[in-house]
Amino acid sequence: MEETYLLNVEGVKKKILHGGQGELPKLQDGSKITFHFQTLKDDFERTVIDDSREAGIPMELIVGKMFKLEIWETLLSSMRAGEVAEFWCDAIHTGMYALVSRGMRRIAEGQDPLEGQNHRCGMGNMFDYHSTGYDDLDELQRTPQPLIFIMELFRVEEPSAYKRDTWAMSKEEKLAAVPVLHSEGNRLVLRKEFGQAAAKYQEAVICLRNLQAKEKPWEEGWLKLENLVTPLVLNYCQCQLELGEYYEVLEHTTELLQKHNDNAKAYFKRAKAHAAVWNEREAREDFLRASNLDPSMAAAVKKEMKQLGERMRKKHVEDRKRHRNNAVLTLGPPPCCAAEPAASLPRLIGSRAFQLDPAELCWLRNKSSSLAPCAGFVSGHDQLPR
Numbered sequence: 001m002e003e004t005y006l007l008n009v010e011g012v013k014k015k016i017l018h019g020g021q022g023e024l025p026k027l028q029d030g031s032k033i034t035f036h037f038q039t040l041k042d043d044f045e046r047t048v049i050d051d052s053r054e055a056g057i058p059m060e061l062i063v064g065k066m067f068k069l070e071i072w073e074t075l076l077s078s079m080r081a082g083e084v085a086e087f088w089c090d091a092i093h094t095g096m097y098a099l100v101s102r103g104m105r106r107i108a109e110g111q112d113p114l115e116g117q118n119h120r121c122g123m124g125n126m127f128d129y130h131s132t133g134y135d136d137l138d139e140l141q142r143t144p145q146p147l148i149f150i151m152e153l154f155r156v157e158e159p160s161a162y163k164r165d166t167w168a169m170s171k172e173e174k175l176a177a178v179p180v181l182h183s184e185g186n187r188l189v190l191r192k193e194f195g196q197a198a199a200k201y202q203e204a205v206i207c208l209r210n211l212q213a214k215e216k217p218w219e220e221g222w223l224k225l226e227n228l229v230t231p232l233v234l235n236y237c238q239c240q241l242e243l244g245e246y247y248e249v250l251e252h253t254t255e256l257l258q259k260h261n262d263n264a265k266a267y268f269k270r271a272k273a274h275a276a277v278w279n280e281r282e283a284r285e286d287f288l289r290a291s292n293l294d295p296s297m298a299a300a301v302k303k304e305m306k307q308l309g310e311r312m313r314k315k316h317v318e319d320r321k322r323h324r325n326n327a328v329l330t331l332g333p334p335p336c337c338a339a340e341p342a343a344s345l346p347r348l349i350g351s352r353a354f355q356l357d358p359a360e361l362c363w364l365r366n367k368s369s370s371l372a373p374c375a376g377f378v379s380g381h382d383q384l385p386r
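Letter by letter, the sequence shown follows residues 1 to 386 of full-length UniProt numbering.
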């Protein structure tokens with residue numbers, strides 16, 4: 001049976017849809033809460049904004065880690081394991097939901113949740129977004145409104161009961177984790193396990209990007225972290241080259257070069273990705289930039305340029321052959337001759353017998369009836385070849 005009551009929080013109502021088991025959880029800093037959620041508008045249609053089940057995995061929240069939507073910790077602390085509840089929250093609690101949702105959506109899409117976010121805290125951060133990139137979330141930013149959250153609580157784990165993800169670590173823990181992840185990635189590369197190695201490099205980059213978000217861009221602290229990020233991104237791109245993910249390489253090397261346009265290794269890896277997807281001009285330009293910036297790469301660049309030239313020549317030959325074959329299939333015999341049997345009219349030249357082809361049959365019949373040669377063939381052949 002549904003039960004509706006007020007929590008001891010202004011602007012919140014709770015309705016229990018399915019009862020849970022056990023005692024209420026005792027949350028502490030570092031506790032991990034695993035749950036599914038659905039966010040709806042408080043309108044007649046109860047329009048669905050987000051649903052964690054669509055991503056296929058439940059949401060995880062670490063208590064005390066400055067989660068922007070603090071009301072969620074309060075809501076979940078009122079639930080028992082296995083409970084399903086619906087919460088109505090007034091606009092005073094939902095003003096940051098658009099930013100939270102944006103981050104979750106970008107993570108689900110495999111993108112950096114912090115990309116485009118300026119260095120500001122609290123509500124001021126909202127005004128740094130001219131657009132979240134999602135129309136429905138832009139609307140929520142323009143007009144804060146009450147929202148409905150339907151939550152299903154699975155479990156609450158104490159800090160010592162699970163391995164914490166890097167984003168849940170403290171600053172010191174993240175800095176300590178980066179060289180470990182870098183080393184693990186290098187070890188996996190030696191074993192040619194490029195997919196797993198890329199994941200290690202990516203995790204290390206995420207640690208550093210999270211720390212960078214708290215620094216002012218291009219100041220000393222930010223630059224120190226950026227110097228750690230660059231080799232990790234290059235290693236990640238090398239793994240993606242080995243895996244054949246060339247457009248992934250183009251994206252990340254281009255982003256890196258926008259900040260560091262003198263990085264020869266980034267140009268070299270981007271050139272290889274361009275070459276792999278047949279962008280010949282771009283590949284040659286990037287190879288030359290790499291060689292000019294770092295003369296020690298000249299031999300490697302020369303080798304890659306030679307291979308690129310050979311691949312392009314081979315491709316041009318194959319393209320011409322394919323175009324010729326397509327042209328033959330498209331043209332075929334002309335309509336006036338298509339149905340004529342080529343073997344129906346042999347002719348003798350000297351002591352050898354030849355079969356007339358459809359063109360000759362067409363010419364012969366037209367000639368015998370004092371008509372011009374078939375218009376379906378090239379003009380200028382008034383006689384059969386001899």
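Ideal Cβ positions, reconstructed from N, Cα and C, are used throughout, including at glycine.
Note that the structure is a prediction, hence the values are computed from the model and not measured.
Counting along the chain, Met151 sits inside the beta strand (DSSP E) bounded by residues 147–157. When C-alpha distances from Leu250 are compared across Ser291, Ser296, Val277, the shortest belongs to Val277.
Of the residues Lys65, Asp42, Gln38, Ala198, the one whose Cα lies closest to the Cα of Ile57 is Gln38.
Beta-bridge partners assigned by DSSP to Phe35: Met59, Leu153. Using a Cβ distance threshold of 9 Å, Ile16 and Glu60 do not count as a contacting pair. Residues Val229, Leu232, Val233, Tyr236 of the same chain have their beta carbon placed closer than 8 Å to that of Val205, with the five preceding and five following residues left out of the count.
In this model, Asn292 and Phe268 are separated by some 11 Å (Cα to Cα). Straight through space, the alpha carbons of Asp138 and Arg106 are spaced by roughly 15 Å. In the three-state reduction of the DSSP assignment, Trp278 falls in the coil class, being assigned neither a helical nor a strand state.
When Cβ pairs closer than 8 Å are counted between the two stretches, the stretch 189–199 is seen not to touch the stretch 212–223, the count staying below three. For Gln307, the three-state secondary structure derived from DSSP is helix. The beta carbon of Asp29 sits closer than 7 Å to those of Val63, Gly64, all from its chain and outside the five residues before and after it, given in chain order. Taking C-beta separations shorter than 8 Å and ignoring five residues to either side along the sequence, the partners of Ala55 in its chain run Ala108, following chain order. According to the DSSP assignment, Glu86 belongs to the beta strand (DSSP E) that extends over 84–89. Going by beta carbons, Glu83 and His18 fall inside the 9 Å limit. In the DSSP annotation of this structure, Leu69 is not part of any beta strand (DSSP E), being labelled neither H nor E. Leu175 is not a Cβ neighbour of Thr132, given a cutoff of 9 Å. The three-state reading of DSSP puts Lys224 in helix, counting H, G and I together.
With contacts defined as CB atoms closer than 9 Å, Met104 and Leu153 fail to qualify as a contacting pair. Distance from the CA of Val317 to the CA of His274, rounded to the nearest whole angstrom, comes to 20 Å. Gln28 carries a coil assignment under DSSP once its states are collapsed to helix, strand and coil. Sixteen is the threshold: since fewer than 16 other Cβ atoms of the shown chains lie within 10 Å of the Cβ of Gly221, the residue is exposed.
In this structure Asp50 is buried. Its beta-carbon is surrounded by 16 or more other beta-carbon atoms within 10 angstroms. Inter-residue distance for Thr47 and Ile148 is about 10 Å (C-alpha atoms, whole angstroms). Per DSSP, Val9 lies in no beta strand (DSSP E) segment and is marked neither H nor E. Rounded to whole angstroms, the separation of the alpha carbons of Ser170 and Phe287 is 41 Å.
According to the DSSP assignment, Asp43 belongs to no beta strand (DSSP E), since it is labelled neither H nor E.
Sixteen is the threshold: when 16 or more other Cβ atoms of the shown chains lie within 10 Å of the Cβ of Gln141, as they do, the residue is buried.
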